[in-house]
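Number of protein chains: 2
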Amino acid sequence: MSAQAQHPEASVATTPKAPRRAPASDAGADTRDRLIDAARACLQSEGIAGVSARAIARHGDLNQALVFYHYGAVEGLLQEVARIDSDRRAQLYATELAAVATLAELVAVGRRIHDAEAARGSTVVLSQLLAGAHSSPALGEAVHGGMAAWTTLVEQALGRVLANTPLASVVPIGDIAYAIASLFLGLELMGGVDGDLERVDSLFTSLDAVSALVDALLRSGTA
Amino acid sequence: MSAQAQHPEASVATTPKAPRRAPASDAGADTRDRLIDAARACLQSEGIAGVSARAIARHGDLNQALVFYHYGAVEGLLQEVARIDSDRRAQLYATELAAVATLAELVAVGRRIHDAEAARGSTVVLSQLLAGAHSSPALGEAVHGGMAAWTTLVEQALGRVLANTPLASVVPIGDIAYAIASLFLGLELMGGVDGDLERVDSLFTSLDAVSALVDALLRSGTA
DNA sequence: GTCTATACATGGATAGAC
DNA sequence: GTCTATCCATGTATAGAC
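Protein sequence lines, in the order shown, are assigned to chains A and B.
Residue numbering for the first sequence follows my numbering, starting at 1 and increasing by one per position.
Residue numbering for the second sequence follows my numbering, starting at 1 and increasing by one per position.
In C-alpha cells form, the structure reads like this:
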C-alpha cells in the first residue's frame with residue numbers, strides 16, 4: 001500500500017492544492033462521499049492488502065486521481081473512513097444501549113448489534129482497518145477513538161445493569177467492558193475465517209440463558 | 001500483494017521446477033527456514049499490507065527469487081507460516097492445558113499463554129494472517145486449522161474443569177470455548193491499537209478473583 | 001472539480017548464469 | 001540451490017487540459 005513518498009509532506013498547503021482532508025466546503029462533497037463508500041467496499045471485498053487508489057476507484061467507478069486531490073493519499077481516505085464509521089457506530093451503540101437495565105437486555109442488544117453490523121459488513125471493514133493500523137500510526141489513531149468510545153458505552157451500560165447490586169463493588173466494570181468489546185472484535189475475525197455463522201448465534205442463545213439466570217440471582221440478592 | 005497471475009497454475013510440476021511447497025528433502029531446508037522466519041518478521045513489522053517477496057527477502061537478507069523457487073508465490077510462503085505457527089501453538093496449548101482442572105488454573109494458563117505469545121509477537125502475526133485470509137481462501141484454510149485445534153483444546157480443558165459439577169449440563173462448553181478463543185484474538189487486536197499493555201493484565205487479575213470465587217462455589221455445590 | 005496522460009517506483013515472476 | 005538480470009503489471013503521485 002506504500003511506494004515512495006515524494007510528497008512535500010505536511011506543508012501548510014499554500015492555496016489551491018492538496019486539501020489534505022475534506023475542505024468542508026460544498027462542491028465535491030458528493031465525490032468525497034462516493035470515495036468513502038468505494039473505499040469501504042474495497043476494504044470489504046479486497047481486504048487491506050488489496051487496497052490501492054486504483055482499486056478504490058474501480059469500486060466506485062471513479063477516477064484514481066480524485067483520491068489524491070481530496071485526501072492527499074490513500075491513507076488519508078482510509079483515516080476518514082475510520083472516523084466516519086467510528087462516529088456512526090458510537091451513535092448506534094449509544095442509542096441501543098441507552099435503555100439497557102438488565103444483563104439479558106445487554107445480551108439482546110449485543111446480538112442485535114452484532115447481526116446488524118455483520119450484515120452490513122462494517123465489522124469486516126473495522127477488522128481490516130485494525131490490521132492496517134498496526135503499521136500506520138495515523139490510521140491507528142483514527143481507529144482508536146472509535147474503540148475507546150465503544151468500550152466506554154459498554155462500560156456505562158454495565159454500570160447501570162449492576163447498580164444497586166452486590167456485584168457492583170466486586171466486578172471490575174472497566175475490565176469486563178474491555179473484554180466484551182474485544183470479544184466482539186474477535187468473533188468477527190474468527191467468523192471471517194471459519195465462515196460458521198451459526199456459531200455466534202448459538203453463543204448468543206447460550207448467553208441469553210445465562211444472563212437471565214444471573215439477572216434472577218441479582219434481583220433476589222437486592223430488592 | 002498481488003499483481004498478475006501468469007503462473008502455469010497448479011500444474012503437476014513436471015520435474016525440477018516450482019516445488020509449490022517444501023520438497024521435504026534435505027538441501028535448501030535451511031533456506032526454507034530462513035524464509036519462514038523472514039516472512040514472520042516481515043508480517044510482524046510491516047503488516048499484511050506491507051508484505052511482498054522483496055520485503056520478506058530484505059528481512060532475512062535473502063534473495064527475492066527464493067520465495068518463488070521454494071514456495072511458488074508469496075502466498076504459498078504465508079500459508080506455510082500459518083501451518084507451522086498453528087502446529088507450534090497447538091503443541092504449546094496442549095501441554096499447558098493438560099494439567100488444568102480448575103477455573104483458576106485455566107485463567108492462570110490463559111494469562112501465561114497470552115503473555116508468552118504477546119512477547120514473542122506471534123499473536124500479531126496471527127492477526128495479520130487472519131486479515132489477509134479474508135481475501136485469500138487458501139490462506140484462510142491454512143489458518144483455520146489452527147484456530148479449530150485451539151478451540152478444541154480449550155473445550156477439552158473446560159470439560160475437565162466442569163466435570164462432576166452442576167454447571168456441566170448447563171454451560172454450553174463448545175460455545176464458551178469458541179468465545180474464549182475469540183476473546184484472545186480480540187484482545188490482541190485491541191492491544192495492537194490502543195497500546196495499553198496494562199489493560200490485559202488488569203483483566204486477567206480480575207478474572208483470577210472471579211474464577212477463584214466460582215471454583216469455591218463449584219466445590220461446595222459438588223463434593 | 002474532474003479527467004487524461006505521464007513520470008517514476010515497486011512488486012511478481014521467470015530465464016539463465018553460476 | 002542460489003544469484004543476477006530482466007519483463008511486465010500495478011501502483012503512487014503529479015501536471016496540465018478541460
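For every residue, glycine included, the Cβ atom is placed at its ideal position computed from N, Cα and C.
Taking A177 (chain A) as the centre and dropping the five residues before and after it, the same chain places the C-beta of T151, V154, E155 and L158 closer than 7 angstroms to its C-beta, in chain order.
Using a Cβ distance threshold of 8 angstroms, G60 (chain A) and D30 (chain A) do not count as a contacting pair. For L35 (chain B), not one C-beta of chain A is nearer than 8 angstroms to its own C-beta.
Counting only runs that start and end inside the segment 150 to 199 of chain A, the alpha helix (DSSP H) elements of at least 4 residues fall at 173 to 194. The shortest C-alpha to C-alpha distance from A181 (chain A) to any of B:G191, B:D175 and B:I173 is the one to B:G191. Under a criterion of Cβ atoms nearer than 7 angstroms, no residue of chain B is adjacent to E198 (chain A); the nearest Cβ is some 11 angstroms distant.
Take E75 (chain B), set aside five residues on each side of it, and the residues of its chain with a beta-carbon closer than 7 angstroms to its own are S136, A138 and L139, in chain order. L217 (chain B) has its alpha-carbon roughly 38 angstroms from the corresponding atom of L130 (chain B). The beta carbon of S127 (chain A) sits closer than 8 angstroms to some beta carbon of chain B. In the structure shown, the three-state DSSP call for S127 (chain A) is helix.
Excluding its 5 nearest sequence neighbours in each direction, L43 (chain B) has C-beta neighbours in its own chain below 8 angstroms: V51, L78, V81, V124, V125, Q128 and L129, listed in chain order.
Taking C-beta atoms as the reference points, A142 (chain B) and R83 (chain B) count as a pair closer than 8 angstroms.
In this structure, the CA atom of G110 (chain B) is about 28 angstroms from the CA atom of G145 (chain A). In the structure shown, T205 (chain B) falls within a helical segment according to DSSP collapsed to helix, strand and coil. For I48 (chain B), there is no enclosing alpha helix (DSSP H), as DSSP gives it neither H nor E. Rounded to whole angstroms, M147 (chain A) and V171 (chain B) show a C-alpha spacing of 30 angstroms. Exclusion of the five residues before and after V161 (chain A) leaves V100, A101, T102, L103 and L106 as the residues of its chain whose Cβ lies within less than 7 angstroms of its Cβ. For I48 (chain A), the chain B residues whose Cβ falls inside 7 angstroms of its Cβ are I48, A49 and A131, in order along the chain.
Apart from the 5 residues on each side of it in sequence, A133 (chain A) sits with its Cβ closer than 7 angstroms to the Cβ of L139, G140 and V143 in its chain, given in chain order. Secondary structure of A99 (chain B) (DSSP, three-state): coil. Straight-line spacing of the CA atoms in S211 (chain B) and A49 (chain B) works out to 39 angstroms.
Residue-level contact check: P172 (chain B) touches chain A, since one or more beta carbons of chain A fall below 8 angstroms from its beta carbon. Nearest Cα to Y69 (chain B) within the set B:G174, B:S202, B:S220 and B:L35: B:L35. Taking 8 angstroms as the cut-off, the Cβ atoms of L185 (chain A) and G186 (chain B) count as close.
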